[in-house]
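Asker: In the UniProt record's numbering, the protein residues as written are 1 to 474.
Where is the CB? At the ideal position from N, CA and C, for every residue including glycine.
#1: Bridge partners of residue 264, per DSSP?
#2: Roughly how many whole angstroms lie between the Cα atoms of residue 238 and residue 275?
#3: In the DSSP assignment, find the alpha helix (DSSP H) that holds residue 70 and state where it starts and stops.
#4: Threshold first: 4 residues or longer. Then list the alpha helix (DSSP H) segments lying entirely within the region 87-114, N to C.
#5: If residue 338 sits next to residue 392, beta carbons under 8 Å apart, how far is it from one beta carbon to the other, in whole angstroms?
#6: If you draw a straight line from the alpha carbon of residue 52 to that of residue 283, how long is it in whole angstroms?
#7: Tell me the rounded alpha-carbon separation between residue 85 and residue 377.
#8: Near residue 395, what residues of its chain come up, given a Cβ to Cβ distance below 8 Å and the 5 sequence neighbours on each side ignored?
#9: Using the C-alpha atoms, what's the distance from residue 113 back to residue 78?
#10: By how many angstroms is the C-alpha of residue 88 removed from the C-alpha of residue 50?
#11: Under 8 Å: do the region 225-241 and the region 56-69 share three or more Cβ pairs, one atom per stretch?
#12: What do you reckon, is the C-beta of residue 154 under 7 Å from a heavy atom of the ligand MN?
#13: Relative to the C-alpha of residue 334, which residue among 353, 371 and 75 is closest?
#14: Among residues of its own chain, excluding the 5 on either side of residue 83, which ones have a beta-carbon nearer than 6 Å to its beta-carbon?
#15: Rounded to a whole number of angstroms, what is the C-alpha to C-alpha distance between residue 175 and residue 181?
#16: Does the Cβ of residue 362 have 16 or more other Cβ atoms within 10 Å, making it buried, or fewer, making it exposed?
#17: Identify every run of the alpha helix (DSSP H) within the region 369-415, keeping only runs that are complete inside it and at least 4 residues long; order them along the chain.
#18: Counting C-beta neighbours from all protein chains within 10 Å, is the total for residue 251 16 or more, i.e. buried, or is it exposed?
#19: By Cβ distance below 6 Å, which residues in the same chain neighbour residue 98 in space, the five residues on each side in sequence not counted?
#20: Apart from the five residues just before and just after residue 374, which ones in its own chain have a Cβ nearer than 7 Å to its Cβ?
#21: Kindly list the residues whose CB is nearer than 7 Å to the CB of residue 352, restricted to its own chain and excluding five residues on each side of it in sequence; keep chain order.
#22: Out of 369, 145, 330 and 224, which one is the CA nearest neighbour of residue 263?
#23: Can you give, in chain order, each stretch of the alpha helix (DSSP H) that sits fully within the region 123-165 and has at least 4 residues?
#24: Residue 124 and residue 186: beta carbons closer than 8 Å?
#25: Specify the secondary structure class of residue 278 as computed by DSSP and reduced to three states.
#26: Spatial neighbours of residue 234 within its chain, please: C-beta separation below 6 Å, excluding the five flanking residues on both sides.
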C-alpha cells in the first residue's frame, strides 16, 4: 500500500493464492527498466466527501477512515468501476425482528447505498449459522421461513432495495463449496483455538458453554467476508472481534487490502442494566410488528435515568460472559435507552425532528440537555418517543396486515416461538443379542439403503447383497 490515503481494495480478496510471492520485489521493475507510470489520484469532489461523511456516520467506529477514502476513490462515485464497492452484513434468521435490526438497519443501508454512491449492500442470510447456534430448535426449514419474514420487514420498513442483494448461506455453500471451505481451512490453520474462542462474543456465548459447532462459527463468519468479496464489513459493535480477525488474517496471508470495518452502535435494552436488546425478553426492545399499545407499554415502563449509575465490581470468581461485556466503544455515562432510541433512530434520517410536550427540536443534543436539566419531563420525553416510533412502525404494521404472504410468514414465526423446543435425548446402544431378539452372529444388512421408491434394478440386487453378507464380504 503506497500510502494510507491511496488504498485500492483488491478484486481478489477471496482468492487463496497466498503463497504466490506476495510482498516480493517485482523483477520487471527492479532493474534499469522504465517503471510503470502510476495513475494520478482522482480529484476529491464535494459529492465524494458527502458519500464519505454519510457512510462514516453509520459507524460508532471505522477501521479505518483513510482506507474508506481510498475505497471511494478507487470504486466509488465517478470512478468508472463496473461493480463499485461491496458492503456486507450477515444475520441469523432466529425469530422476530426488533427495531434496531429493522428500522435502524434500513436507515443505515439507505445511507450506504445512496443513489450515485456506486455501492452494493450484500445481506448474508446465515441460515446455516442459525442452525449451528441451535436457533428454531435446529430446524433448517423453520429457519428459512424466518429469513423470508425478515426480508418482508425490511421491504416494509423503507429499505431501498435497488442496490441490495440477499444471498442465502445454504445455497451459496452448495454452489461454491470448492471456494468456501479451502478458504475457511486456511483461516483456521493460522489462528489458535484461544484466539477463536475470544471471538465467540458474536454469539453471546460464554467460552465454557461452547459446542464444537459454535467454535466453527467465528471461522466461518470470517470466511464470509472474503467469500462475498466485501470491501466493508458493516456489522454491529458486537461483531467487531471477528471482523478484526479478518484484518489480521490479511496480514498473515499477505493480502494487500484489508476489509474496512464500520461497526454500528448497539442500542441499549429498555430495562436497567441491559447493554443490548434481547429477543428472548420481549420487553427489552420494541419489535417491528408491535402494536401501538405494545409500544406505549414498553416505553412508558422503560428505564430512563437522568444521572450516571454507580459501577459494580465483578466478583473474583464470576465467569466472564462474552455476551454481556460492553457493547459500546465510546463511553456513555448515562445509559438511558429512551435517549438512545431518540439519538440513533429518531434523529438518524436527515432533517429529522423530535417533539416533546409542545416543543419541536431539530437536534439530539438539545433534547438531551433539556431532559437532563429537567426542562423536558420523563413523561413528555416518553410520549414524544412513543409517537415517533409508531409513525415509523405504521408502514410495517400495514404491510403485515394487508399482504397475504407477509401475514402468513408472521403467523408461522409466532407459532414457532410458542412451540416447545425438541427434547434432546442421549443416544443409547441397542443390543438385540442381549435382549434375545436375534441369535449371536446374526447380521443386519440394509440392502439397498432404505428409501421410499427403490428402482427395479435395486430390488433385483438385493439377493446378491445378502449372499455377500453371508460370505463376510462388504
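Answerer: Inspection of the coordinates gives the following:
#1: Here residue 264 refers to the residue found at position 264 when the chain shown is read from its first residue. Note: residue 264 sits in a beta bridge opposite 236.
#2: Within the chain shown, residue 238 is the residue found at index 238, counting from 1. Within the chain shown, residue 275 is the residue found at index 275, counting from 1. Straight through space, the alpha carbons of residue 275 and residue 238 are spaced by roughly 11 Å.
#3: In the chain shown, the residue the question calls residue 70 occupies position 70. Start and end: 65-75.
#4: The region 87-114 contains these whole alpha helix (DSSP H) runs: 105-112.
#5: Within the chain shown, residue 338 is the residue found at index 338, counting from 1. Within the chain shown, residue 392 is the residue found at index 392, counting from 1. Taking 8 Å as the upper bound for CB-CB distance, residue 338 and residue 392 are not in contact here, some 15 Å apart.
#6: Counted from its first residue, the chain shown places residue 52 at position 52. Counted from its first residue, the chain shown places residue 283 at position 283. It is roughly 36 Å from the alpha-carbon of residue 52 to the alpha-carbon of residue 283.
#7: For the purposes of this step, residue 85 is taken as residue 85 along the chain shown, with counting starting at 1. For the purposes of this step, residue 377 is taken as residue 377 along the chain shown, with counting starting at 1. Residue 85 and residue 377: Cα-Cα distance of roughly 45 Å.
#8: Translated into the one-based positions of the chain shown, residue 395 becomes position 395. Taking C-beta separations shorter than 8 Å and ignoring five residues to either side along the sequence, the partners of residue 395 in its chain run 156, 157 and 158, following chain order.
#9: By 1-based counting over the chain shown, the position of residue 78 is 78. By 1-based counting over the chain shown, the position of residue 113 is 113. Between the alpha carbons of residue 78 and residue 113 lies a gap of roughly 14 Å.
#10: Mapped onto the chain shown, residue 50 falls at position 50. Mapped onto the chain shown, residue 88 falls at position 88. The straight-line gap from Cα to Cα measures roughly 21 Å.
#11: Yes, since at least three Cβ pairs between the region 225-241 and the region 56-69 fall closer than 8 Å, the two stretches touch.
#12: Of the ligands one can find in the structure shown there are none, so the ligand MN has no counterpart to examine.
#13: On the chain shown, position 334 is the one that residue 334 refers to. Among 353, 371 and 75, the Cα nearest to that of residue 334 belongs to 371.
#14: Your numbering for residue 83 matches position 83 in the chain shown. For residue 83, same chain residues with a beta-carbon under 6 Å away, outside a window of 5 residues either side, do not exist.
#15: By one-based count along the chain shown, residue 175 stands at place 175. By one-based count along the chain shown, residue 181 stands at place 181. Cα atoms of residue 175 and residue 181: separation of roughly 12 Å, rounded to the nearest angstrom.
#16: Reading the chain shown from its first residue, position 362 is the one you call residue 362. Sixteen is the threshold: since fewer than 16 other Cβ atoms of the shown chains lie within 10 Å of the Cβ of residue 362, the residue is exposed.
#17: Those alpha helix (DSSP H) runs which fall completely within the region 369-415 and span 4+ residues are 378-402.
#18: Against the chain shown, residue 251 aligns to sequence position 251. It is exposed - the Cβ of residue 251 has fewer than 16 other Cβ atoms within 10 Å.
#19: The count along the chain shown starts at 1 and reaches residue 98 at position 98. Within the same chain, residue 98 has close Cβ partners 277, 285 and 287.
#20: Here residue 374 refers to the residue found at position 374 when the chain shown is read from its first residue. Its chain contains no residue whose beta carbon lies nearer than 7 Å to that of residue 374 once the 5 sequence neighbours on both sides are disregarded.
#21: Taking the first residue of the chain shown as position 1, residue 352 is located at position 352. A distance below 7 Å between beta-carbons, with the five flanking residues on each side excluded, links residue 352 to the following residues of its chain, in chain order: 346.
#22: The sequence position of residue 263 within the chain shown is 263, counting from 1. Ranked by Cα distance from residue 263, the first of 369, 145, 330 and 224 is 330.
#23: Runs of the alpha helix (DSSP H) inside the region 123-165: 127-132 and 140-156.
#24: In the chain shown, residue 124 corresponds to position 124, counting from 1. In the chain shown, residue 186 corresponds to position 186, counting from 1. For residue 124 and residue 186, no; Cβs fall outside 8 Å.
#25: Here residue 278 refers to the residue found at position 278 when the chain shown is read from its first residue. Coil.
#26: Numbered from 1 along the chain shown, position 234 holds the residue referred to as residue 234. Counting only Cβ-Cβ distances below 6 Å, and skipping sequence neighbours, we find 87, 89 and 262.
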